[in-house]
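Colleague: With this note's numbering as the guide, the letters of the sequence shown map in order to residues 2 to 202.
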Amino acid sequence: YVYDHGIARNKSLQIETGAGVLDLQLETDADDRVKQVTVDMGRPELEGPKIPTTLVPQGRVVLHEAQFGGQSFEVTCVSMGNPHCVIFVEKATDELVLGIGPQIETDPRFPNRVNVEFIEVISPTEVRQRTWERGSGETWACGTGASAVCVAGVLAGRTERKILNHLLGGDLILRWDETSDHVMMTGPATEIFSGDWDHSF
Numbered sequence: 002y003v004y005d006h007g008i009a010r011n012k013s014l015q016i017e018t019g020a021g022v023l024d025l026q027l028e029t030d031a032d033d034r035v036k037q038v039t040v041d042m043g044r045p046e047l048e049g050p051k052i053p054t055t056l057v058p059q060g061r062v063v064l065h066e067a068q069f070g071g072q073s074f075e076v077t078c079v080s081m082g083n084p085h086c087v088i089f090v091e092k093a094t095d096e097l098v099l100g101i102g103p104q105i106e107t108d109p110r111f112p113n114r115v116n117v118e119f120i121e122v123i124s125p126t127e128v129r130q131r132t133w134e135r136g137s138g139e140t141w142a143c144g145t146g147a148s149a150v151c152v153a154g155v156l157a158g159r160t161e162r163k164i165l166n167h168l169l170g171g172d173l174i175l176r177w178d179e180t181s182d183h184v185m186m187t188g189p190a191t192e193i194f195s196g197d198w199d200h201s202f
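1) By a C-beta neighbour count over all protein chains shown, 10 Å radius and 16 as the cutoff for buried, is Trp177 buried or exposed?
2) So within the region 80-125, which uninterrupted alpha helix (DSSP H) runs reach at least 4 residues, ignoring any that extend past its ends?
3) Are the beta-carbon atoms of Val38 and Leu23 separated by less than 8 Å?
4) In chain order, what residues of the same chain lie with their CB nearer than 7 Å to the CB of Gly71, ignoring the 5 residues before and after it?
5) Compare the Cα-Cα distances from Phe89 to each of Lys12, Pro50, Ala157 and Leu165 and report the closest residue.
6) Can you tell which of Trp133, Tyr4 and Met186 has its C-alpha closest to the C-alpha of Asp172?
7) Can you tell me whether DSSP reads Gly171 as helix, strand or coil?
8) Between Arg110, Arg159, Val117 and Ser73, which lies nearest to Met81 when the distance is taken from Cα to Cα?
9) For His115 and Glu121, which I take to be in contact (beta-carbon distance under 8 Å), what is that distance rounded to the nearest angstrom?
10) Whose C-beta lies closer than 7 Å to the C-beta of Leu64 among residues of the same chain, with five residues either side of it excluded?
11) Going by DSSP, what residue range makes up the alpha helix (DSSP H) through Ser13?
12) For Leu97, which option in Ile164, Ala190, Ser13 and Arg131 has the closest C-alpha, if you only look at C-alpha atoms?
13) State the DSSP-derived secondary structure class of Cys196, mapped to helix, strand or coil.
14) To the nearest angstrom, how far is it from the Cα of Glu66 to the Cα of Gly60?
15) Can you look up Val155 in the DSSP assignment and give me helix, strand or coil?
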């Protein structure tokens, strides 16, 4: 928005967010309008107590077997500035996302609650994601969640370091850089509407 509307004309931007300052690279089309953005999502936190979760007393939580809602799941936990619990499944059904998702979100083993990603692995370079977001329910897209999935896939031996992730709201490309340890996220940026806010509202 700020580039297309002339507020900023640099294709390298820094944006302050609730998760910290993020570095962005803009890619433009022939008309010099932004078509996609790459965001440096930062370095993942993998130590269980720092995510935080009490599923393990120390170390990483990778394909850790845990019971939720009377069912057993192998969970991999990652923080991208907020906590994520990633579960690889054959099919991300409504029963899992809408039924088990909220139970995991509020499980006391996640002291700050947790975002839950149910992942279908299509191939080592392609996945499909459904997200139960803490405090929001199912959401169509989640950048930190997609980043956590990229990391979890590598840790669990399910995916490569660069993946295409299909979310309900669209596709993202994620890459967990081996040198910097940062996750890079690339996706389309499209202005969908504009309007005026009435301050007397």
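Quick reminder that beta carbons are idealized off the backbone N, C-alpha and C, glycines included. Everything numeric in this text was worked out from a predicted model, so none of it was measured.
Modeller: If we stick to the structure as given:
1) As a position in the sequence shown, residue 177 is number 176, starting the count at 1. Buried: at least 16 other Cβ atoms inside 10 Å.
2) 102-106
3) What you label residue 38 is simply residue 37 of the sequence shown in a count that begins at 1. What you label residue 23 is simply residue 22 of the sequence shown in a count that begins at 1. For Val38 and Leu23, no; Cβs fall outside 8 Å.
4) As a position in the sequence shown, residue 71 is number 70, starting the count at 1. Same-chain partners within the cutoff: there are none.
5) Looking up residue 89 in the sequence shown gives position 88. Here the closest residue by C-alpha is Ala157.
6) Locating residue 172 in the sequence shown gives position 171, where the first residue counts as 1. Looking at the Cα atoms, Met186 is the closest of the given residues.
7) Within the sequence shown, the letter at position 170 stands for residue 171. Note: Gly171 maps to strand in three-state DSSP.
8) On the sequence shown, residue 81 is found 80 positions in, with the first residue counted as 1. It is Val117.
9) Walking along the sequence shown from the start, residue 115 turns up at place 114. Walking along the sequence shown from the start, residue 121 turns up at place 120. Before going on, a small fix: residue 115 reads as Val here, not His. Val115 to Glu121, Cβ: 20 Å. No contact.
10) As a working mapping, residue 64 is identified with position 63 in the sequence shown. Excluding residues within five positions, the ones whose Cβ falls inside 7 Å are Glu75, Thr77 and Ala157.
11) Position 12 of the sequence shown holds residue 13. No alpha helix (DSSP H) contains Ser13, which is instead part of the beta strand (DSSP E) from Ser13 to Thr18.
12) Numbered from 1 along the sequence shown, position 96 holds the residue referred to as residue 97. Among Ile164, Ala190, Ser13 and Arg131, the Cα nearest to that of Leu97 is on Arg131.
13) Taking the first residue of the sequence shown as position 1, residue 196 is located at position 195. Checking the displayed sequence, the identity of residue 196 turns out to be Gly instead of Cys. Coil at Gly196, not helix or strand.
14) For the purposes of this step, residue 66 is taken as the residue at position 65 of the sequence shown. For the purposes of this step, residue 60 is taken as the residue at position 59 of the sequence shown. So the alpha carbons of these two residues sit roughly 15 Å apart.
15) Here residue 155 corresponds to residue number 154 of the sequence shown, with the count starting at 1. Three-state DSSP puts Val155 in a helix.
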